[in-house]
Amino acid sequence: MKSKKIILENESGLHARPAAELAKLAAKYACNIELVVNEKKINAKSVIAIMAAGIKESTQIEIICDGQDEDEALIAIEEGFKNKFGEDK
Amino acid sequence: MLKGRGVSVGIGFGNVVILRDEEIKITKNKVKDVEHELEYFNKCYNDVLRETEEMIKDLSGTELEIMQAYLIMMQDPTLTNQTINLIQNEQYNVIYATEEGFNSIIDLFKNMDDTYMSERSFDIKKKKNRVLNRLLNRKTINLGKLEKNTIIVAKELKTSDTAKLNYSNVSGIITEIGGSNSHVSIMARNHAIPAVARISDITKILRDGDFIGLDGQTGEVFVNPSEDEYQMLLKKKETFDTEKVELEKYRDIDPITADGYRAEVMANAGVPDDIDLIKTTNAEGIGLLRSEFIYMDSPTIPTEEEQFKQYKSVVMQMGEKEVIVRTLDIGGDKELKSFDLPKETNPFLGYRAIRICLDRITVFKAQLRALLRASVFGNLSIMFPMIATIEELREAKDILEDCKKELRSENIDFNENIKVGIMIEIPSAALTANELARECDFFSIGTNDLIQYTVAAERGNEKVANIYNKYNPGVIRLIKMAIDGAHQAGIKCGMCGEAAGDAHYIPLLLGLGLDEFSMNASSVLRAKKIITNMNKKDCEILANEILKMSSSTEIEKTLKK
Chain F
1 MKSKKIILEN ESGLHARPAA ELAKLAAKYA CNIELVVNEK KINAKSVIAI MAAGIKESTQ
61 IEIICDGQDE DEALIAIEEG FKNKFGEDK
Chain Y
1001 MLKGRGVSVG IGFGNVVILR DEEIKITKNK VKDVEHELEY FNKCYNDVLR ETEEMIKDLS
1061 GTELEIMQAY LIMMQDPTLT NQTINLIQNE QYNVIYATEE GFNSIIDLFK NMDDTYMSER
1121 SFDIKKKKNR VLNRLLNRKT INLGKLEKNT IIVAKELKTS DTAKLNYSNV SGIITEIGGS
1181 NSHVSIMARN HAIPAVARIS DITKILRDGD FIGLDGQTGE VFVNPSEDEY QMLLKKKETF
1241 DTEKVELEKY RDIDPITADG YRAEVMANAG VPDDIDLIKT TNAEGIGLLR SEFIYMDSPT
1301 IPTEEEQFKQ YKSVVMQMGE KEVIVRTLDI GGDKELKSFD LPKETNPFLG YRAIRICLDR
1361 ITVFKAQLRA LLRASVFGNL SIMFPMIATI EELREAKDIL EDCKKELRSE NIDFNENIKV
1421 GIMIEIPSAA LTANELAREC DFFSIGTNDL IQYTVAAERG NEKVANIYNK YNPGVIRLIK
1481 MAIDGAHQAG IKCGMCGEAA GDAHYIPLLL GLGLDEFSMN ASSVLRAKKI ITNMNKKDCE
1541 ILANEILKMS SSTEIEKTLK K
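Pasting the structure below:
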């Protein structure tokens, strides 16, 4: 199991488009990927779960990857957050 | 023969497509064959998914991104988990399971304290209805992909419907409610599509595929017309088309009265598609570009960059010709997805248009900066709607000045001499026209709202339709005050309301001294013809006579003589 804490930089939070990008990215990996926000676990492969969590800008998020390709997955997901999933470009 | 009210002239023939707004009845029962129920759900759900994928193929840009996000939502098993569970483990029928299963997700979003997210519950509700319609074997209609010669039949058409409509394939519109001032009627006239409103139960009387002939002048609708009826309509259509050809002669003629008074005839635009239409009429510019289209259908407020691209494209298409962009005018009866406006008991007297912009300055500034940046690519002017007080005008201009300063310091080009005007659509503005005119570059009278605020009768409300009247002497005197106020300060006065394109009203407006007439593209050539065949002197005499009259009926009779 690998994990990393990051801060959400997307100004309008994880709304539909970035949430969809995140879920799409997470789906590429075999391992389980979860986000922990305010002690709540969210399945990062489900866009609905991500959106329903209503994560706002500046929220701390812990990314947890667990499974075969956890290393690559964590790097990719962290990179995705850094790029704000393509927002504001 | 059925009869309603003709709201957009012309004769149309075609096959009926009914837009049904039926309630979906949810039945609840237990089933024995769970496998079959599950299979049926999966089959229908996959059909809907495939349709969505098909739809996406024709999209691009922001629209594509939004739809892709929706598609990913639909592919997320979380969306259907509860439905499948209800079928598999509780043996519920597929309709009930879908209703309940999707509702659990809808509630999840609805209860979020984030307005953007709680609005996503509407998107999921739409998806639920699409799946339910599929399960019930009901057709959903793609308004962007209609067959040629379609007659649209609906209870009413909403702004969101007309925005998607592929007008070139629509040969007529029939609605159960609405009047000549309702949104769909204005759009129909804009696109020269014959339309009839107010035929009760028309969505139940007609069937999909029925052949129809309709007359948008008389309001007559012929279902599967007889040979005689067909010939009669065809003859009318020919006369109508001949008039159209006759009007073509005025395309390249400047609207100058017989005694040499030069008026300007411009067109109103609501969506980018209107520009092509406007160019075919050779209008002298766009007297009103409703900027709301930029905000429509977008789940979030468009960025400065997105807006800039759209404005730039419009002004470039119009070349040297002036494009007057009205800043965001929402509220009242116009809602936007990206704006969470509180429900008000009196929306027309409430938080709308410039009032919202002066309150939400970030939104306003993004639009103003985008407009300023686009101003170097053509002839763009800015117009503020719903100005009631001079303070509002000053405040709006201050914000515009701030934007200019910002752009200068960022070394971004804009037209330093950009013209700034206001809409005169509130009686207080018309009454203080002298003062307002000294602080802006032009006026444009918005008759639709001016009438409504002057006589305190809302447009679209059939019960007070006789009071909502452009022939009201009070309204006409306010128009005169606005024009006189503008001229005293040496600025131009235009009109962009429906009245500017009205054949009976144009002589009065000419007589009152209106400089610029902006109207639906479909009225431009006729207006040019009318003006060219008028004498300004005669119009002035007529106007003086009208100004002495005390009753709307008398004024209407005189103008229609």
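Taken in sequence, the protein lines are chains F and Y.
Once you know that position 58 of the first sequence is 58 in the numbering used here, the rest is easy, because the numbers rise by one and skip nothing.
Once you know that position 512 of the second sequence is 1512 in the numbering used here, the rest is easy, because the numbers rise by one and skip nothing.
Quick reminder that beta carbons are idealized off the backbone N, C-alpha and C, glycines included.
Note that the structure is a prediction, hence the values are computed from the model and not measured.
query: Where Y:E1410 and Y:F1364 are concerned, what is the direct C-alpha to C-alpha distance, given to the nearest angstrom?; result: 19 Å
query: From the DSSP output, read off the bridge partner residues of Y:T1150.; result: Y:N1015, Y:V1170
query: Could you check if Y:G1474 is buried or exposed, using at least 16 other CB atoms within 10 Å of its CB as the buried criterion?; result: exposed
query: Taking Cβ to Cβ, would you say Y:K1110 is nearer than 8 Å to Y:S1121?; result: yes
query: Between the Cα of Y:T1218 and those of Y:R1005, Y:N1461, Y:R1459, Y:M1519, spot the shortest distance and give me the residue it belongs to.; result: Y:R1005
query: Taking C-alpha atoms, which residue in Y:I1387, Y:T1327, Y:G1378 lies nearest to Y:A1430?; result: Y:I1387
query: Are the region 1267-1274 of chain Y and the region 1047-1054 of chain Y touching, with three or more C-beta to C-beta distances below 8 Å?; result: no
query: Using a Cβ-Cβ cutoff of 7 Å, what residues of the region 29-62 of chain F are near chain Y? List them in chain order.; result: S46, V47, I48, A49, M51, A52, G54
query: Using the rule of at least 16 other Cβ atoms within 10 Å of the residue's Cβ for burial, across every protein chain shown, is Y:M1001 buried or exposed?; result: exposed
query: From this set, Y:N1085, Y:T1080, Y:L1071, which residue's C-alpha is nearest Y:F1102's C-alpha?; result: Y:T1080
query: Which residues of the region 7-26 of chain F have a Cβ closer than 9 Å to any Cβ of chain Y? Give them in chain order.; result: S12, G13, H15, A16, R17, P18, A19, A20, E21, A23, K24
query: Leaving out five residues on either side along the sequence, give the residues of the same chain with a beta carbon under 8 Å from the beta carbon of Y:I1301.; result: Y1295, S1338, F1339, V1363, A1366
query: Let me check understanding here. Comparing Cα to Cα, which of Y:N1466, Y:E1462, Y:N1472 lies closest to Y:T1454?; result: Y:N1472
query: Going by the beta-carbon positions, is the gap between F:A16 and F:M51 smaller than 8 Å?; result: yes
query: Below 7 Å on C-beta distance, what does Y:F1109 contact in chain F?; result: A52
query: Of the residues Y:S1552, Y:I1483, Y:H1183, Y:Y1096, which one's Cα is nearest the Cα of Y:K1470?; result: Y:S1552
query: May I ask which residues mark the beginning and end of the alpha helix (DSSP H) holding Y:M1232?; result: 1227-1248
query: When DSSP builds the beta bridges, which residues end up paired with Y:T1362?; result: In DSSP, Y:T1362 forms no bridge with anything.
query: How is the alpha helix (DSSP H) around F:K82 delimited, first residue to last?; result: 70-82
query: How about Y:N1166 and Y:N1015: are their beta carbons less than 8 Å apart?; result: no
query: How about Y:E1322: is its C-beta nearer than 8 Å to some C-beta of chain F?; result: no
query: In terms of alpha-carbon separation, which member of F:K2, F:M1, F:I7 lies closest to F:S58?; result: F:I7
query: Per DSSP, what kind of secondary structure is Y:L1064 in: helix, strand or coil?; result: helix
query: Quick one: list the residues of chain F neighbouring Y:A1069, beta-carbon separation under 7 Å, in chain order.; result: A16, R17, A20
query: What's the call for Y:E1099, buried or exposed, on a 16-neighbour Cβ count within 10 Å?; result: buried
query: Pull the bridge partners of Y:Y1092 from the DSSP assignment, please.; result: Y:K1030
query: Looking at Y:I1546: is its Cβ nearer than 8 Å to the Cβ of Y:L1508?; result: yes
query: For the beta strand (DSSP E) containing Y:Q1569, list its first residue and its last residue.; result: Outside the displayed range of chain Y (1001 to 1561) lies residue 1569 of chain Y, so it cannot be described from this structure.
query: Starting from F:C98, follow its DSSP beta bridges and name the residues at the other end.; result: Limits of chain F in this structure are 1 at one end and 89 at the other, which puts residue 98 of chain F out of reach.
query: Where do the N-terminal and C-terminal ends of the alpha helix (DSSP H) with Y:C1496 fall, by residue?; result: Segment: none, Y:C1496 is in no alpha helix (DSSP H) and carries neither H nor E.
query: Beta carbons nearer than 8 Å to chain F: which residues of the region 1379-1410 of chain Y have them?; result: none
query: In this structure, how does DSSP classify Y:M1481 when only helix, strand and coil are distinguished?; result: helix
query: If we count the other Cβ atoms within 10 Å of its Cβ and call it buried at 16 or more, is Y:K1249 buried or exposed?; result: exposed
query: By how many angstroms is the C-alpha of Y:M1318 removed from the C-alpha of Y:K1404?; result: 24 Å
query: Could you please give the first and the last residue of the uninterrupted beta strand (DSSP E) stretch that includes Y:E1322?; result: 1322-1326
query: Just mark Y:M1316 as buried or exposed, buried being the case when its beta carbon has 16 or more other beta carbons within 10 Å.; result: exposed
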